[in-house]
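Residue numbers (this note's numbering), protein chains in the order written: chain A, 1 to 275; chain B, 1 to 298.
In this text, a Cβ means the ideal position worked out from N, Cα and C, and glycines have one as well.
Quantities reported herein were computed from a predicted structural model and do not represent experimental measurements.
Encoded as structure tokens, the structure appears first; notes follow it.
Set out below in structure tokens:
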């Protein structure tokens with residue numbers, strides 16, 4: 001089966017360079033810092049409401065909302081890592097000119113790109129598991145240290161974690177789509193960082209100010225991702241109640257972005273002459 | 001091993017924007033022989049090979065293996081082994097590099113150590129390619145061509161960057177492949193790099209065919225000659241006149257239309273002329289090649 005061979009080959013590509021574990025380590029450090037730190041802060045704040053209020057923190061979410069917020073840091077801040085991994089899986093082929101041996105071994109280019117899409121979906125889910133192990137591990141430890149409920153006895157919490165892993169998987173496919181649209185590796189990394197860390201948060205905030213734009217804003221990938229996962233630091237920080245998609249709609253929006261970008265990239269840059 | 005495959009390029013043209021890289025090119029490459037694909041840099045050799053391998057789309061014309069395009073081969077790596085620019089991910093080891101593509105092509109993993117051994121790279125198999133010398137990269141590129149034990153080899157400038165020992169090795173490598181009945185197409189911008197190992201030549205210039213045929217067909221293009229010089233060039237010229245030999249003068253000395261330097265030396269000896277140079281002009285092949293290529297550029 002040439003499809004399975006292509007997928008197996010893409011997994012070998014992913015695991016035979018250092019990129020996957022470098023990104024995994026950065027992801028763990030980033031999520032640990034935010035989930036552990038915020039868990040400890042929110043735990044302290046809910047125990048000392050007066051001190052927290054005097055520190056300017058007006059709205060402390062009730063205890064049962066804390067756990068999902070902290071756990072969802074894995075995807076709400078960590079999603080940039082699967083995007084990068086997925087994008088680098090494509091742009092690396094252009095940058096190192098390895099498309100030549102790749103297309104010599106499998107001349108069906110669509111098959112190769114499809115195999116990358118599938119492989120990165122799984123790699124993204126793997127990063128999702130790593131991120132949630134970190135956020136749940138540290139978050140639950142911080143919460144229970146303050147005598148607060150961890151929510152781990154609640155099936156809703158586990159459903160949220162499962163949806164978060166799915167979100168991370170879908171983000172990786174968006175990376176594949178982006179990489180196939182913008183084969184220049186440096187440009188892709190700049191776009192990923194600028195969009196996820198700056199442009200989209202600003203757009204989401206601006207969109208939430210008006211009900212018409214809020215309707216559009218909920219289709220931004222980050223907003224769709226938060227809708228899919230069901231909890232996020234952003235929903236806590238948002239100015240108003242804001243519009244949000246159903247969780248499954250959020251998932252479909254992410255999937256559509258990944259598929260459409262990959263199909264367009266596959267029909268354009270991926271078809272070009274390899275010189 | 002799939003053997004006896006004929007490469008056929010027919011009416012091939014490729015334009016990159018306004019630039020015509022290959023212009024109505026036709027030639028065939030026969031199995032059991034090493035064919036040198038020659039031309040100066042920018043003549044369109046690499047473009048032709050990339051079209052043949054399905055990496056670049058032809059503007060018109062075809063490039064096939066026994067009538068089938070690369071894209072239509074059932075098991076491409078087991079039919080054609082190609083080494084183009086040495087393209088590797090610098091962070092991957094040689095072993096992993098080969099494994100990735102063996103998997104994609106459905107070739108048994110046991111071929112990987114076998115081909116590494118064949119090109120003398122076993123010792124470095126688990127080092128990252130980023131630290132390799134150019135010569136090691138060339139060898140790894142050849143290991144890739146051997147993975148599927150194919151009947152056709154397409155090698156783009158494989159001699160580039162090799163040390164004398166490596167050059168000798170690759171000559172033997174190509175000869176043995178052809179001896180086993182395989183088809184070998186090897187490109188070079190220098191005839192001298194490949195002339196000891198090729199049977200046939202295809203020369204292109206500016207994307208057009210200049211000459212194709214057996215290597216020996218080049219020999220007739222310029223007559224063999226002897227170069228001779230003396231501190232007293234005029235006396236030497238007189239001695240050659242006396243012996244009835246034709247000659248022309250250039251910076252190196254006198255170029256005598258006589259293939260045997262012994263006879264030229266004898267003529268000088270008879271005239272009592274002191275010589276400070278006497279040798280046969282290099283096989284004329286390089287001159288013929290350059291003359292053809294320059295002709296093609298006009």
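The shortest C-alpha to C-alpha distance from residue 149 of chain B to any of B/264, B/181, B/171 is the one to B/181. Residue 196 of chain B and residue 87 of chain A have their C-alpha atoms some 47 Å from each other. With the criterion set as a beta carbon lying under 7 Å from some beta carbon of chain A, the members of the segment 135 to 160 of chain B are 144, in sequence order. Taking 8 Å as the threshold, the shortest C-beta distance from residue 85 of chain A to chain B does not fall below it.
Around residue 43 of chain A, the same chain offers 66, 142, 143, 145, 146, 148 as residues with beta carbons nearer than 8 Å, after the five sequence neighbours per side are excluded. Contiguous alpha helix (DSSP H) elements confined to the segment 184 to 223 of chain A occur at 185 to 194, 200 to 207, 211 to 217, taking only those with 4 or more residues.
DSSP places residue 180 of chain B in the coil class of the three-state scheme, outside both helix and strand.
Residue 90 of chain B is positioned such that its CB atom lies closer than 8 Å to that of residue 128 of chain B. Taking CB atoms only, residue 97 of chain A has a neighbour in chain B less than 8 Å away.
With contacts defined as CB atoms closer than 8 Å, residue 77 of chain B and residue 147 of chain B qualify as a contacting pair. With respect to chain A, the C-beta atom of residue 189 of chain B has no partner C-beta closer than 8 Å. Annotation: the continuous beta strand (DSSP E) that includes residue 81 of chain B extends over 80 to 83. For residue 103 of chain A, the nearest beta carbon of chain B is closer than 8 Å to its own beta carbon. Contacts with chain B at 8 Å (Cβ-Cβ) include residue 107 of chain A. Distance from the Cα of residue 23 of chain A is smallest, within the candidate group A/46, A/36, A/80, A/151, for A/80.
Residues of chain B whose Cβ lies closer than 8 Å to the Cβ of residue 91 of chain A do not exist; the shortest such Cβ separation is about 12 Å. By alpha-carbon distance to residue 105 of chain A, the top candidate from A/27, A/3, A/215, A/256 is A/3. Taking every protein chain shown into account, the CB of residue 121 of chain B has 16 or more other CB atoms within 10 angstroms, so this residue is buried.
Contact of residue 116 of chain A with chain B by beta-carbon distance below 8 Å is absent, the smallest such distance being about 12 Å. Chain-order list of chain B residues neighbouring residue 18 of chain A: 91, by C-beta distance under 8 Å. For residue 101 of chain B, a Cβ of chain A is located within less than 8 Å of the residue's own Cβ. Counting only the Cα atoms, residue 202 of chain B lies some 4 Å from residue 212 of chain B. Counting other Cβ atoms within 10 Å of its Cβ, residue 177 of chain A reaches 16 or more and is therefore classed as buried. Contact note: residue 274 of chain A reaches chain B through 50, 55, 56, using a C-beta cutoff of 8 Å and chain order. With its beta carbon less than 8 Å from one in chain B, residue 12 of chain A belongs to the interface. No Cβ-Cβ contact shorter than 8 Å links residue 150 of chain A with residue 35 of chain A. For residue 88 of chain B, the chain A residues whose C-beta falls within less than 9 Å of its own C-beta are 96, 97, 98, 101, listed in chain order. Three or more Cβ pairs closer than 8 Å define a contact, and the segment 94 to 113 of chain A falls short of that threshold against the segment 154 to 167 of chain A. Beta-bridge partners of residue 65 of chain B (DSSP): B/7, B/68. With fewer than 16 other beta carbons inside 10 angstroms of its own, residue 214 of chain B counts as exposed.
In this structure, the beta-carbon distance from residue 66 of chain B to residue 6 of chain B falls below 8 Å.
Of the other Cβ atoms in all chains shown, 16 or more fall within 10 Å of the Cβ of residue 76 of chain A; this residue is therefore buried. Under the three-pair Cβ rule at 8 Å, the segment 185 to 194 of chain A does not count as touching the segment 119 to 139 of chain A.
Judged by their CB atoms, residue 45 of chain B and residue 204 of chain B are nearer to each other than the 8 Å cut-off.
Here the alpha carbons of residue 85 of chain A and residue 180 of chain A stand approximately 13 Å from one another. As DSSP reads the structure, residue 128 of chain B sits in a beta bridge with B/93.
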